[in-house]
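Undergrad: Protein chains in written order, with our numbering: chain A, 1 to 231; chain B, 1001 to 1231; chain C, 2001 to 2231; chain D, 3001 to 3231. C-beta: ideal position from N, C-alpha, C; glycine also. The structure under discussion is supplied below as structure tokens; questions concerning it will follow.
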DNA sequence: AATGAATGAGTCTTCATTCAT
DNA sequence: GATGAATGAAGACTCATTCAT
């Protein structure tokens, strides 16, 4: 549920993170949650405070305004996502074929979005609703995130692993869209995350590949063979 | 009843489109627009009034409350979508193969969402944000809409036109998600709607088909052969 | 108590000033009063509303913000003062000797400040306390007001009616200061306004004149011969 | 007791100026400053703390509440003034003529107000704005201060040194008012304090005297002969 | 002696809603 | 049918004040 505490670990060299910093994170977490549930305009500081288990004015001890707070959450959402994907991709063996990299990115995006972080959902869902002046930092990160995917697709294209009758950018938009939307419908009780991942991977692989793909050889944690739901 | 603007209302069978009814529609249209731009909580009656070119209190002559108004727009969004898809599918020749029907549904959904109606976008984007007590009617419509797609998929499955290694429901969710998300990124200046449609159709067809599909034979208005963007 | 309704009369050609405009003026009057009693920072919209006999949010129907409202009152204070003094001086016969004009200005300033207007007091008392960005309009008016007095003094100087051993500008500052401060101590029960005026005139005349002045010949309404208090 | 800053506290008879006492004074000084700049309601403990170079809660170690602190500053302002004037007057040679004593008081008041103390300005400017329950001590001091001046005037009157056509009390109010107001306009860059003093003395002397006064013989530090500004 | 963290009371401001016209 | 005027409820934000350390 809580966002990856990457920052905190980086910020404080000591092994004892201060109570203050924890409170700050509690506020951010609470905001991410409310934001993803209620949307930008619906995010009340009182609700945030409730989840963070403090009084609303206390928020101002940590953030100078509601907008600041929200901006930070929105930024963290996309920024964490980018860093996470970047890091995961970098861990793949050098020779990994482009399509495998795409399929791996699908898994990474999905797991991050659904498992790790309200921040991602908050960021994804509200990117169209926050006022312009809160967007600058996110725009840059979003562009960078887009570039990662673009590279995956152009590599695949160069390698002849993308269908001719499909446009790279549009295909990318459709793929990422399908993944983003998963946050709207995924219900852990309906299908396990592993199942979702496996299905999404198959789905994407075939939507893009020029020929019927051989049996998929990759898939980090998804060892399931039968991707049927209700697992 | 008229969902999309004045034109439609004027075209309607009612021989006397009263000014009153037109105003009512102007308000609904304005609400759909604001709702899709600002989200549920961000939708202010003053903004609605601005677009509808009247004063906020005038809205109360037509709707008993903000919630009522919004509920009606949200309902209309999903309801129109369902009726539209239903009607279009019914126009297909009887023998149309299941996969062709799916691909046709893709086009219909996409065109309706992107071309025809702020209502659809409003409905799609805010389905997760409106309070429970406004949801009942929509839920039913959404379920009905879902059933249409489900039937398309189960028919395709029965006909052996869906890959074995993919779950029907999840595939459906991924497909519809990819389409829904298009409203977030589509920019008419970047790619024509026809292009989007063609790409999405190819994308979906192959993501689902067990074998490389033959050259797609259908596509109402999309006569384009090369689905590359920037058309 | 109420400010001279100059504006209102000017704004509306009809003899029936709208209720709305009256409310607006009630708010301004209330603000002037609170402002002069409590100071800039102490001016609560709730207090203003109380005196204006409405609810605080109603103020926003007429003014876009507390600052706007206050700015308008402060501006009106100095602006009315200037216009009033200007108009009164212009009514003096052409040949009026410079010192008589000064003494007449003393009366005008005093009567306006003490009798007519909370606006003047509000403006005088708070000129040093309002934030910079509310000051621009007032500064100009204040400068213009200052210029009127400056002219009075320089004319008197040119005419040899000012003592040699006193600086024009400093004398002016002392005179106007003595008058401004009257708002702090004047209690109608202690001394009539006429008495104050007569004393202030005598005081100023002799503080400035090079020689013992002859029996003062002027004084609009102050026919009193013995300027003793408790009149 | 020490009113004006550290220096004075250091000079004081207490042989052990504890750090604690110095901090207390820093807080008082800071308060006087903020109070005279922002007014009663505008005086925030955070601002006070800033000038005193500590954190706001630290103030509570020295004062039990904001009101207490402000009350003390306001009281000190008028009290110091009174003591100062009293002490200075007592140093005048016994035979000093009443008018000389008045003129000397003018200088003392002015120098104290403009040169020595934010306390005086704070006290002067805010006497009308602080809530009733903070006033009692000041009222007494103010009355005592008033009595000093009253005595100066009644002595002058008894001695035939005041014009007949002017009321003692009103004259006194005008004189002190002119002096008090100086804090509002005096800019050290525009005119030296000595110049102000000299001009104010001349101004007052002639405003009150029944006959053209002889060359003024007194003036502690003001050796200037030509009271023109910009010295 | 002083601060970091937090709170409660209150203030400005927004907004849906009402009502007389 | 529609608006001008006004209100009540709620939300962001400020600030004096407290308390543990």
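Enumerate in chain order the residues of its own chain whose CB-to-CB distance from residue 284 (chain A) is below 8 Å, with the five nearest sequence positions on each side excluded.
TA: Nothing about residue 284 (chain A) can be read from this structure; chain A reaches only from 1 to 231.
Undergrad: Please classify residue 1006 (chain B) as buried or exposed, where buried requires at least 16 other C-beta atoms within 10 Å of its C-beta.
TA: With a pLDDT of only 40 at residue 1006 (chain B), under 50, the local geometry of the prediction cannot be trusted, and the value read off the model is given with reservation. That one is exposed.
Undergrad: Give the DSSP-derived three-state secondary structure of residue 3192 (chain D) in the structure shown.
TA: coil
Undergrad: Measuring straight from C-alpha to C-alpha, what distance separates residue 19 (chain A) and residue 105 (chain A)?
TA: Per the coordinates, the alpha-carbon of residue 19 (chain A) lies some 36 Å from the alpha-carbon of residue 105 (chain A).
Undergrad: As a quick exercise: from D:3196, D:3039, D:3116 and D:3103, pick the residue whose alpha carbon is nearest that of residue 2167 (chain C).
TA: D:3196
Undergrad: Does residue 1295 (chain B) come out as helix, strand or coil in the three-state DSSP assignment?
TA: Residue 1295 (chain B) lies beyond the stretch modelled for chain B, which goes from 1001 to 1231, so this question has no answer here.
Undergrad: Can you list, in chain order, the stretches of the alpha helix (DSSP H) that have 4 or more residues and sit fully within the segment 3022-3085 of chain D?
TA: Complete alpha helix (DSSP H) runs here, min 4: 3045-3052 and 3059-3062.
Undergrad: Looking at the C-beta of residue 3207 (chain D), does it have a partner C-beta in chain C at a distance below 8 Å?
TA: yes
Undergrad: If you draw a straight line from the C-alpha of residue 3173 (chain D) to the C-alpha of residue 3205 (chain D), how long is it?
TA: For the pair residue 3173 (chain D) and residue 3205 (chain D), the Cα-to-Cα distance works out to about 15 Å.
Undergrad: Give the DSSP-derived three-state secondary structure of residue 1177 (chain B) in the structure shown.
TA: Here residue 1177 (chain B) carries a helix assignment [DSSP, helix/strand/coil].
Undergrad: Compute the beta-carbon to beta-carbon distance between residue 78 (chain A) and residue 138 (chain A), rounded to the nearest angstrom, for a pair I have assumed lies under 8 Å.
TA: 5 Å
Undergrad: Quick check on residue 3167 (chain D): does DSSP put it in helix, strand or coil?
TA: Coil.
Undergrad: Since residue 3124 (chain D) is in the alpha helix (DSSP H), which residue starts that stretch and which ends it?
TA: 3118-3126
Undergrad: Hey, out of B:1198, B:1081 and B:1101, whose CA is closest to residue 1122 (chain B)'s CA?
TA: The residue among B:1198, B:1081 and B:1101 with its C-alpha nearest the C-alpha of residue 1122 (chain B) is B:1081.
Undergrad: Do residue 1203 (chain B) and residue 154 (chain A) have their C-beta atoms within less than 8 Å of each other?
TA: At the C-beta level, residue 1203 (chain B) and residue 154 (chain A) stay beyond 8 Å of one another.
Undergrad: Taking only beta carbons into account, state which residues of the segment 21-45 of chain A come closer than 7 Å to chain B, listed in chain order.
TA: 38, 39, 40, 41 and 42
Undergrad: What three-state label does DSSP hand residue 3019 (chain D) in the structure shown?
TA: helix
Undergrad: When the Cα atoms are used, what is the spatial distance from residue 200 (chain A) to residue 1170 (chain B)?
TA: 8 Å
Undergrad: Indicate whether residue 2177 (chain C) and residue 3128 (chain D) have their beta-carbon atoms separated by less than 8 Å.
TA: no
Undergrad: Could you spell out the range, first to last residue, of the alpha helix (DSSP H) harbouring residue 108 (chain A)?
TA: Counting along the chain, the alpha helix (DSSP H) containing residue 108 (chain A) begins and ends at 98-111.
Undergrad: Enumerate in chain order the residues of its own chain whose CB-to-CB distance from residue 2039 (chain C) is below 8 Å, with the five nearest sequence positions on each side excluded.
TA: 2125, 2126 and 2129
Undergrad: Let me know if residue 2119 (chain C) comes out buried or exposed under the rule of 16 or more other beta-carbons within 10 Å of its beta-carbon.
TA: By the neighbour-count rule (16 or more Cβ atoms within 10 Å), residue 2119 (chain C) is buried.
Undergrad: In whole angstroms, what is the alpha-carbon distance linking residue 26 (chain A) and residue 52 (chain A)?
TA: Going by the C-alpha atoms only, they are around 5 Å apart.
Undergrad: Hey, out of C:2188, C:2164, C:2091 and C:2054, whose CA is closest to residue 2114 (chain C)'s CA?
TA: C:2188
Undergrad: With distances taken between CB atoms, is the gap from residue 1109 (chain B) to residue 1179 (chain B) smaller than 8 Å?
TA: Against a cut-off of 8 Å, the Cβ pair of residue 1179 (chain B) and residue 1109 (chain B) comes out as a contact.
Undergrad: Thinking C-beta only, is residue 3098 (chain D) closer than 8 Å to residue 3159 (chain D)?
TA: Yes, Cβ-Cβ distance for residue 3159 (chain D) and residue 3098 (chain D) is below 8 Å.
Undergrad: Contact criterion: CB-CB distance below 8 Å. Does residue 3167 (chain D) meet it with respect to chain C?
TA: yes
Undergrad: Using only CA atoms, which one of D:3141, D:3198 and D:3111 lies nearest to residue 3183 (chain D)?
TA: That would be D:3111, whose Cα lies nearest to the Cα of residue 3183 (chain D).
Undergrad: Which class does residue 2187 (chain C) belong to by DSSP, given the choice of helix, strand or coil?
TA: coil
Undergrad: Quick one: what does DSSP say residue 3162 (chain D) is sitting in, helix, strand or coil?
TA: coil
Undergrad: Can you grab the Cα-Cα spacing for the pair residue 191 (chain A) / residue 1102 (chain B), in whole Å?
TA: Roughly 23 Å separates the two Cα atoms.
Undergrad: If you check the beta carbons only, do residue 186 (chain A) and residue 1181 (chain B) fall under 8 Å apart?
TA: no
Undergrad: Taking DSSP as the reference, what is the three-state secondary structure of residue 2094 (chain C)?
TA: coil
Undergrad: Measure the alpha-carbon distance for residue 3065 (chain D) versus residue 2057 (chain C) and round it to whole angstroms.
TA: Pairing residue 3065 (chain D) with residue 2057 (chain C), the inter-Cα distance amounts to about 32 Å.
Undergrad: Measure from the C-beta of residue 1196 (chain B) to each C-beta in chain A and report whether the shortest distance is under 8 Å.
TA: yes
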